[in-house]
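**Q** Note that the protein sequences, when read in sequence, are chains A and B.
Position 89 of the first sequence, counted from 1, bears residue number 89 in this note's numbering, the numbering being contiguous throughout.
In this note's numbering, each number is its position in the second sequence, counted from 1, plus 1000.
Virtual Cβ for every residue (Gly too), placed ideally from N, Cα, C.
Source: prediction; values computed, not measured.
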Amino acid sequence: MLRFVLRRAAYGLLVLWLVTTTVFLLVFAGSSNPAATLAGRQATAAQVELVRERLGLADPLYEQYFRFLGGLLHGDLGFSFYSNQPVAEYILTLLPRTASLVLGAAVLWLAVGLVVGVFSATHPRGLLDRAATGFVLVGLSMPTFLVGLLLLYFLFFRLNTEFGIDLFPPPGYASIEEAGVGEWARHLILPWITLAFVQQAIYVRLTRSSMLEVLGEDYIRTARAKGLAEGRVVYRHGLRAGMTPVLSQFGVDIGQLMGGVLVTETVFGLQGMGQAAVSAVTTGDLPVIMGVVIVISLFIVVANLVVDVLYGVVDPRVRVS
Amino acid sequence: MAMTETRAIEGRSIEGRGPWRLAWERLRRDRVALGAAVVIVVIVVLALAAPLIADWFGHGPAQQFRKEGTTEFGLPVGPSGEFWFGTDNLGRDLLVRTLYGARVSLLVGVAATLCATVIGVVVGMTAGYFGGKVDSVLSRAMDVVLSMPYLLLALVLVAVFGPSLPLTIFVIAFFTWASIARVVRGQTLSAREREYVEAARSLGASDRRIMFVDILPNIVAPVIVLATVLIPLAIVFESVLSFLGLGIVPPTPSWGSMLSEAIAFYRVAWWYLIAPGGALLLTTLAFNLLGDGVRDALDPRAERLFATRRNRRRRSLRRRSGGGR
Chain A
1 MLRFVLRRAA
11 YGLLVLWLVT
21 TTVFLLVFAG
31 SSNPAATLAG
41 RQATAAQVEL
51 VRERLGLADP
61 LYEQYFRFLG
71 GLLHGDLGFS
81 FYSNQPVAEY
91 ILTLLPRTAS
101 LVLGAAVLWL
111 AVGLVVGVFS
121 ATHPRGLLDR
131 AATGFVLVGL
141 SMPTFLVGLL
151 LLYFLFFRLN
161 TEFGIDLFPP
171 PGYASIEEAG
181 VGEWARHLIL
191 PWITLAFVQQ
201 AIYVRLTRSS
211 MLEVLGEDYI
221 RTARAKGLAE
231 GRVVYRHGLR
241 AGMTPVLSQF
251 GVDIGQLMGG
261 VLVTETVFGL
271 QGMGQAAVSA
281 VTTGDLPVIM
291 GVVIVISLFI
301 VVANLVVDVL
311 YGVVDPRVRV
321 S
Chain B
1001 MAMTETRAIE
1011 GRSIEGRGPW
1021 RLAWERLRRD
1031 RVALGAAVVI
1041 VVIVVLALAA
1051 PLIADWFGHG
1061 PAQQFRKEGT
1071 TEFGLPVGPS
1081 GEFWFGTDNL
1091 GRDLLVRTLY
1101 GARVSLLVGV
1111 AATLCATVIG
1121 VVVGMTAGYF
1131 GGKVDSVLSR
1141 AMDVVLSMPY
1151 LLLALVLVAV
1161 FGPSLPLTIF
1171 VIAFFTWASI
1181 ARVVRGQTLS
1191 AREREYVEAA
1201 RSLGASDRRI
1211 MFVDILPNIV
1221 APVIVLATVL
1231 IPLAIVFESV
1241 LSFLGLGIVP
1251 PTPSWGSMLS
1261 EAIAFYRVAW
1271 WYLIAPGGAL
1281 LLTTLAFNLL
1291 GDGVRDALDP
1301 RAERLFATRR
1311 NRRRRSLRRR
1321 SGGGR
């Protein structure tokens, strides 16, 4: 078992290294001179050269690469080209925003996904099952920014102008320390619904199919035959086994999303990891791009690792292959 | 009487029906899938006819009607006889722009899916057919691509090379081929052991001939299913990139960039959201419904097991689509 975990961890490290190196080469070798952009439009060639040197961009690429790797090993991600803030510090200020969004939405989509999925599986082809299937299809087809914009239009704007109800605030983030739990949640309700709406589709589908498979198993028939109440059969015996694929998808999703929910954050102006990534890319803030890529990859690699290891615990066959 | 009987015997009832014909007949009976196919055909026709329609209205896709197309405060004008879907903040005709946007979406969706499918089939078959070292190297490559934070890398690629249509197609294809390759590899692994492959080999057929002439036709069904699901994913991917300002370059209309422009104006101009948003939703929904129908038609076992088998496939795809959130 330990060997299995170590092998997966080594593989995760390899992916991490590959991603960071690829991105480093792409960004630092490929960017059209960021020093010129930074120095401003009026800058002379000498000034641009000065900026280039100060940023360390004039050194050979391999020197920059090893300096970057060396810093990385000390947890030092360099400084932002624009704000001069340490990148690691900057990312730490972004994380609570993304975490608030993802974890709140996760509660919502898990609840909806499990409840609707189990109901669909126990009443297959019923009216509600069909309705749920339609809902899932819409969820799978609906781009996130469209959901977000429609919610903003109807629940924030129209509700406010036509009925004078300002239940939902305009886009923006309110931190718990500054605005209190109530304001924090109020600002996050619409983003939570947006993200959860897109996510629930996968979870309803997954839960439904997995439960249908499990409920056809022999041990479920045995449980029924010994006279257990149906609710107990479904939830105690069925759901426990049916949850496995749902949980593994959940692990992967949390890892992916913690690294930034680009679209939802952009629509609702939450200024988390995702939005920071987009703006760093558009402004050419290379150290921030690198920092964000590393943190995001780290989340994904760790989540994949946890899921793999959990799978190995549940299903011994995985360990051998 | 006797005539009809003989005809019945000689005729269709005894004629063998191949798997493709059976699939086609199943698909033809699926009213939802047919409806979706009709919608897609209409969208394709509208997209192809976009220049004609623009001519008929006399509104070019990037033409600005500052006078008729904006209010005295410079705001968009609502739907009217002149502008059926209203105008945007620059006084451009939203109907014409939405139609031109369909060209971009369909082009990117189909081209990216085609590239991803070709790469996925070639890599997957090579890995599955040759096995051994080749397989482990290629499989690792698939794993790596599948575990990358792909939307972010797409952003980086776009930032380095500058946004453009070919790059958008390349980026989408690059991050989706692996999910097809993985399925193709699995299918090839089992096809390789079949008798017909052995027969072909004993006849002296080359590896390439066995792969593409003997094995490929036998594994093409799941590939088609995957490709139909990939098209709407690619369309959404493109719209997300354009929405973030990293896809199609303005003033070329794309639904994603139109929606991102709409953010500043949706409070005064709801139609600004509806035209591109409705088109995008309709297109992806139609492709998803058709994809479901195609899957049921090509893979009737999926029907018997409800959604079990199909979900496994979709899951590997959904993982890829994750970054669109």
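(1) Kindly indicate which three-state DSSP category Phe154/A falls into: helix, strand or coil?
(2) Between Asn304/A and chain B, is the shortest Cβ-Cβ distance under 9 Å, so that the two count as touching?
(3) List the whole-angstrom C-beta distance separating Pro1253/B from Tyr1100/B, where the pair is believed to meet the contact cut-off of C-beta under 8 Å.
(4) Pick from Met1/A, Ile294/A and Thr207/A: whose alpha carbon is nearest that of Met1148/B?
(5) With 8 Å as the limit, tell me which residues of the stretch 127 to 148 of chain A have their beta carbon closer than that to any beta carbon of chain B; keep them in chain order.
(6) Any idea what DSSP makes of Pro86/A, helix, strand or coil?
(7) In angstroms, rounded to a whole number, what distance separates the CA positions of Arg1103/B and Leu1281/B?
(8) Rounded to whole angstroms, what is the Cα-Cα separation between Gly1124/B and Ala1181/B?
(9) Could you check whether the Cβ of Ile220/A sits closer than 9 Å to any Cβ belonging to chain B?
(10) Short of 9 Å Cβ to Cβ, which residues in the stretch 1146 to 1157 of chain B face chain A?
(11) So the candidates are Pro169/A, Trp184/A and Trp17/A; which of them puts its Cα closest to the Cα of Leu298/A?
(12) Buried or exposed for Arg213/A, going by 16 or more other Cβ atoms inside 10 Å?
(13) Quick one: residues in its chain with C-beta nearer than 7 Å to the C-beta of Phe197/A, no 5 flanking neighbours on either side, listed in chain order?
(14) Considering only residues of the same chain and omitting the five flanking positions on each side of Ala280/A, which have a CB-CB separation below 6 Å?
(15) What residue range does the alpha helix (DSSP H) around Phe1175/B cover?
(16) Within the 9 Å Cβ cut-off, does Val1220/B reach chain A?
(17) Does the contact criterion of 3 or more C-beta pairs under 8 Å hold for the stretch 1137 to 1148 of chain B versus the stretch 1 to 19 of chain A?
(18) Going by beta carbon distance, what residues of the same chain come within less than 7 Å of Phe163/A, once the five residues before and after it are set aside?
(19) According to DSSP, is Thr93/A helix, strand or coil?
(20) Contact criterion: CB-CB distance below 9 Å. Does Gly1330/B meet it with respect to chain A?
(21) Three Cβ pairs or more, each shorter than 8 Å: is that satisfied between the stretch 1174 to 1193 of chain B and the stretch 1221 to 1240 of chain B?
(22) Using three-state DSSP, classify Phe135/A as helix, strand or coil.
(23) On the criterion of 16 or more Cβ atoms from any shown chain inside 10 Å, does His123/A qualify as buried, or is it exposed?
(24) Under 9 Å Cβ-Cβ, which residues of chain B neighbour Ile91/A?
(25) Please report the straight-line C-alpha distance between Thr1168/B and Ala46/A, rounded to a whole angstrom.
(26) Can you confirm whether the stretch 254 to 270 of chain A touches the stretch 183 to 199 of chain A when touching is taken to mean that 3 or more C-beta pairs between the two stretches lie within less than 8 Å?
(27) For a contact defined as C-beta to C-beta under 8 Å, what are the partners of Tyr153/A on chain B?
(28) First and last residue of the alpha helix (DSSP H) that includes Gly14/A?
(29) Check whether chain A comes within 9 Å of Ser1139/B, counting only Cβ atoms and requiring the distance to be less than that.
(30) In angstroms, rounded to a whole number, what distance separates the CA positions of Arg97/A and Thr244/A?
(31) Start and end of the alpha helix (DSSP H) containing Arg1097/B?
(32) For the pair the stretch 1286 to 1299 of chain B and the stretch 1035 to 1054 of chain B, tell me if three or more CB-CB distances fall below 8 Å.
(33) Does the contact criterion of 3 or more C-beta pairs under 8 Å hold for the stretch 63 to 77 of chain A versus the stretch 152 to 160 of chain A?
(34) Please confirm whether Gly255/A and Ile300/A have their CB atoms less than 9 Å apart.
(35) With DSSP run on the structure shown, which of helix, strand or coil describes Phe68/A?
(36) Label Gly1162/B either buried or exposed according to how many other C-beta atoms from any shown protein chain fall within 10 Å of its C-beta, with 16 as the threshold for buried.
**A** The answer reads as follows:
(1) helix
(2) yes
(3) Cβ-Cβ separation between Pro1253/B and Tyr1100/B: approximately 5 Å, consistent with a contact (criterion under 8 Å).
(4) Ile294/A
(5) Along the stretch 127 to 148 of chain A, going in chain order, the ones with a CB nearer than 8 Å to a CB of chain B are Leu137, Val138, Leu140, Ser141, Met142, Pro143, Thr144, Phe145 and Leu146.
(6) strand
(7) 15 Å
(8) 4 Å
(9) With 9 Å as the cut-off, Ile220/A does not count as an interface residue toward chain B.
(10) From the stretch 1146 to 1157 of chain B, only Ser1147, Met1148, Pro1149, Leu1151, Leu1152, Leu1153, Leu1155, Val1156 and Leu1157 have a Cβ closer than 9 Å to chain A.
(11) Selected option, being the one with the closest Cα: Trp17/A.
(12) First, the residue type needs correcting, since residue 213/A is Glu and not Arg in the sequence shown. Flag for Glu213/A reads buried.
(13) Gly139 and Val147
(14) Excluding positions up to five away in sequence, the list reads Val288 and Ile289.
(15) Leu1165 to Ala1191
(16) no
(17) yes
(18) none
(19) helix
(20) Given a span of 1001 to 1325 for chain B in the structure shown, any question on residue 1330/B remains unanswerable.
(21) By the Cβ rule, the stretch 1174 to 1193 of chain B counts as touching the stretch 1221 to 1240 of chain B, because three or more pairs are nearer than 8 Å.
(22) helix
(23) exposed
(24) Chain B residues near Ile91/A: none, gap ~13 Å exceeds 9 Å.
(25) 36 Å
(26) yes
(27) Tyr1266, Arg1267, Trp1270 and Leu1273, listed in chain order.
(28) The displayed chain sequence assigns Leu, not Gly, to residue 14/A. Taken as a continuous stretch (DSSP letters only), the alpha helix (DSSP H) holding Leu14/A covers Leu2 to Phe24.
(29) Taking Cβ atoms only, chain A never reaches closer than 9 Å to Ser1139/B, which makes this a no.
(30) 29 Å
(31) Per DSSP, Arg1097/B belongs to the alpha helix (DSSP H) from Leu1094 to Phe1130.
(32) yes
(33) no
(34) Yes.
(35) If DSSP states are grouped into helix, strand and coil, Phe68/A belongs with the helices.
(36) By the Cβ neighbour-count rule, Gly1162/B is exposed, with fewer than 16 other Cβ atoms within 10 Å of its own.
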